[in-house]
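K.L.:
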Amino acid sequence: MCLASRSGGAPKRVVTSEGKFMAEESLRPASDMSADDRYVVVSIDSHVGPSVKEQLREYCEAEYLDDFDRFVCEMESQGLLHWRSSEASKAGAKESWSLGKSMAERGKANTKQGNAAVKELGQEEAERFGQQAGIRNADQVGARFLQRSYEHSLAPGLQDHDARIRDMNEQGVAADVIFHGGLNGQSIPFSTTGLISWGDSAYNNLEPVGVRIYNRWLADFCSQAPERHAGIAHIPISDPEACVREIEWAAAAGLKGINLPAPRGDFPMLNDPAWEPIWAACADTGLSVNTHGGGGEHYPYVGPGAQAMYMMETPFRTRRGLWVMIFSGVFDRYPNLKLVLTEQWMDWAPSAMADMDGLYNGPTGVAIRKTLPKPPSEYFRQNCFIGASFMSNGEAHLALEHDLTLNVMWGDDYPHAEGTWPDTREAMRFTFSDIDPKYTRHFLGDTAIDLYGLDRAKLTKVAADIGPTAAEVATPYTLPEDAVVGLYAFRTGPGIFI
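Here our numbering is used: the first residue of the sequence shown is 29, the next is one more, and so on.
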């Protein structure tokens, strides 16, 4: 495999839509960007939260409508759907919850343009919102973050395509990879395993029905501008045969990947033969396998420090499947299969690769070497990618240092409060101002375009109107003095939270 040199860090390979690695110069001429050239930006982490009651019912098969209506009634009895209210921004209003200040705070201070009519939640109501929106241990989360999460949960772009495109255009994002989960209290119908799962075990047999409902809505949503979206389908994990059918349907419908649940105790391990048909279906259809931060087995996380414990373990839980799939030979059997670990920081990757190679080459790796012809790090570079949502400047430099430029992709986590929106242009400047554009373009979009099979020519036309210029991104951005400390994209320390 041809890798970038340690001294220069220049990428020598790219991922094609067919899943192959080729020399960059064999695909398109290498050239330095001029100051006026625009980046084709793809966010590999964004969210939708369609209204279960108002948007998904029409996608429910007639024989399950009674079950669907009962599910909605149960959601409403728990106070859900309340947060989608008339407080969402009115048409024409500029949505701007900049740099950690809540809209309500800014309305009081009258410091920045925006819709200052958004309700300011009291502590008790903020905690109740957090619990119902899927924010764990909300009683241990600061009121400011809960307020911002509430405001962001009202973003019309979670449900309205035109509003979403307006936000993307304003922020310079040409395309986005779409996951469910708007933190707005909207579940996938009958879901008992997702990030927001308001059903109970009585609905387990209806999981395939709920998945079909959501995936069909998502396909229609993406079809309104197919060149600008890579929809990630859910699969009914309780039924492997139904999973394969859903994967095949999703590929035919234009969706670009599946959402793979992170390992948990009530699922077979990812090295279990039960998963083999799913790997084969994804490899055959070209759909990527995607995980998202926040999944996996959730321990009780109660008592003092519960929220901090949850946050410390959240990235780890969703990347456990990486070494399971590598060591069990999944990528050796399916060399075109692609795994994307989204809403992950990337500082862990170099040490994880070294640890896996150490196990492979060491005295305990005899059995592994008999079944795995290449060191684990090679499978990582060939098949595995990190969706580094709210990527920091330090992470960009670390990716260059460890030759991971082509394995790390940027995302805005739209519209979550911990993401970059609506300060995405500022975040790109903060992260990439001192990074050579020939590398920045891979982080910001080139790799994602090839990985998800997006139309480069069409996105280039979109970016010509809305994309950030090389000069804009190269302009350093300084946080204002009153910015909230800890906004992930603007962190400067060695840790993942500051």
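Beta carbons are placed, not taken as given, at the ideal position from N, Cα and C, and that holds for glycine. Bear in mind that the values here come from a model prediction, so they are computed numbers and not experimental data.
With a cut-off of 8 Å on the beta carbons, I'd call E276 and V239 a contact; round off their distance for me.
P.N.:
Actually they do not touch by this definition, with Cβ atoms about 13 Å apart.
K.L.:
Pull up the distance between the alpha-carbon of P363 and that of L149, whole angstroms please.
P.N.:
C-alpha separation (whole angstroms): 50 Å.
K.L.:
Going by CA-CA distance only, name the one from M456, N165, Y467 that's closest to G200.
P.N.:
The option with the nearest alpha carbon to G200 is M456.
K.L.:
Identify every run of the alpha helix (DSSP H) within the segment 363 to 438, keeping only runs that are complete inside it and at least 4 residues long; order them along the chain.
P.N.:
Complete alpha helix (DSSP H) runs here, min 4: 377 to 389, 394 to 399, 404 to 411, 421 to 429.
K.L.:
Based on the DSSP output, what are the partners of R66 in its beta bridges?
P.N.:
T497.
K.L.:
Quick check on N435: buried or exposed, where buried means 16 or more other Cβ atoms within 10 Å of its Cβ?
P.N.:
The residue is buried, with at least 16 neighbouring Cβ atoms inside 10 Å.
K.L.:
Let me know the secondary structure DSSP gives S356 once reduced to three states.
P.N.:
The answer is coil: DSSP assigns S356 none of H, G, I, E or B.
K.L.:
Between E429 and the rest of its own chain, which residues show a CB-CB distance below 6 Å, the 5 nearest in sequence each way excluded?
P.N.:
There are no such residues.
K.L.:
Leaving out five residues on either side along the sequence, give the residues of the same chain with a beta carbon under 7 Å from the beta carbon of H257.
P.N.:
Correct list, in chain order: A203, D204, I206, C250.
K.L.:
Going by CA-CA distance only, name the one from E155, V80, S417 that's closest to D375.
P.N.:
Ranking the options by Cα distance to D375, first place goes to S417.
K.L.:
Hey, how far is the Cα of G321 from the Cα of I163?
P.N.:
When rounded, the distance between both Cα atoms is 13 Å.
K.L.:
The beta strand (DSSP E) spanning S316 covers which residue range?
P.N.:
Segment 316 to 320, the beta strand (DSSP E) holding S316.
K.L.:
Decide yes or no for the touch test of the segment 177 to 195 against the segment 410 to 426: beta carbon pairs closer than 8 Å, at least 3 of them.
P.N.:
In short, these stretches do not touch, since the Cβ pair count stays below three.
K.L.:
Who are the Cβ neighbours of N299 in its own chain at under 7 Å, not counting the five residues just before and after it?
P.N.:
So the qualifying residues of the chain are V352, S356.
K.L.:
Rounded to whole angstroms, what's the CA-CA distance from A5 to G323? Just pull it up for me.
P.N.:
Lying outside 29 to 526, the shown extent of the chain, residue 5 is not represented and no answer is given.
K.L.:
Could you tell me which residues DSSP pairs with A278 in its beta bridges?
P.N.:
Answer by DSSP bridge pairing: none, since A278 is not bridged.
K.L.:
For the beta strand (DSSP E) containing G205, list its first residue and its last residue.
P.N.:
The question names Gly, yet the displayed sequence has Val at residue 205. It spans 203 to 208 - the beta strand (DSSP E) in which V205 sits, taken as one unbroken run.
K.L.:
Let me confirm a value: K489 is counted as buried when at least 16 other C-beta atoms fall within 10 Å, else exposed. Which label applies?
P.N.:
Counting Cβ neighbours within 10 Å, K489 comes out exposed, since fewer than 16 surround it.
K.L.:
When burial is assigned at 16 or more other CB atoms within 10 Å of the CB, is I477 buried or exposed?
P.N.:
So I477 counts as buried.
K.L.:
Could you have a look at V76 and say whether DSSP puts it in helix, strand or coil?
P.N.:
In the structure shown, V76 sits in a strand (DSSP, three-state: E or B).
K.L.:
Among the candidates N165, R176, V68, Y407, whose CA atom is the shortest distance from the CA of P443?
P.N.:
It is R176 whose Cα lies nearest to the Cα of P443.
K.L.:
Alpha carbon to alpha carbon, how far is L482 from A311? Give it in angstroms, no decimals.
P.N.:
So the alpha carbons of these two residues sit roughly 17 Å apart.
K.L.:
Is the Cβ-Cβ distance between D385 and P403 less than 7 Å?
P.N.:
Against a cut-off of 7 Å, the Cβ pair of P403 and D385 comes out as a contact.
K.L.:
Going by alpha carbons, who is nearest to V368 out of T475, D462, A424, T319?
P.N.:
The shortest Cα separation from V368 among T475, D462, A424, T319 belongs to T319.
K.L.:
Taking its Cβ as the centre, do 16 or more other Cβ atoms sit within 10 Å of A154, making it buried, or is it exposed?
P.N.:
So A154 ends up on the buried side.
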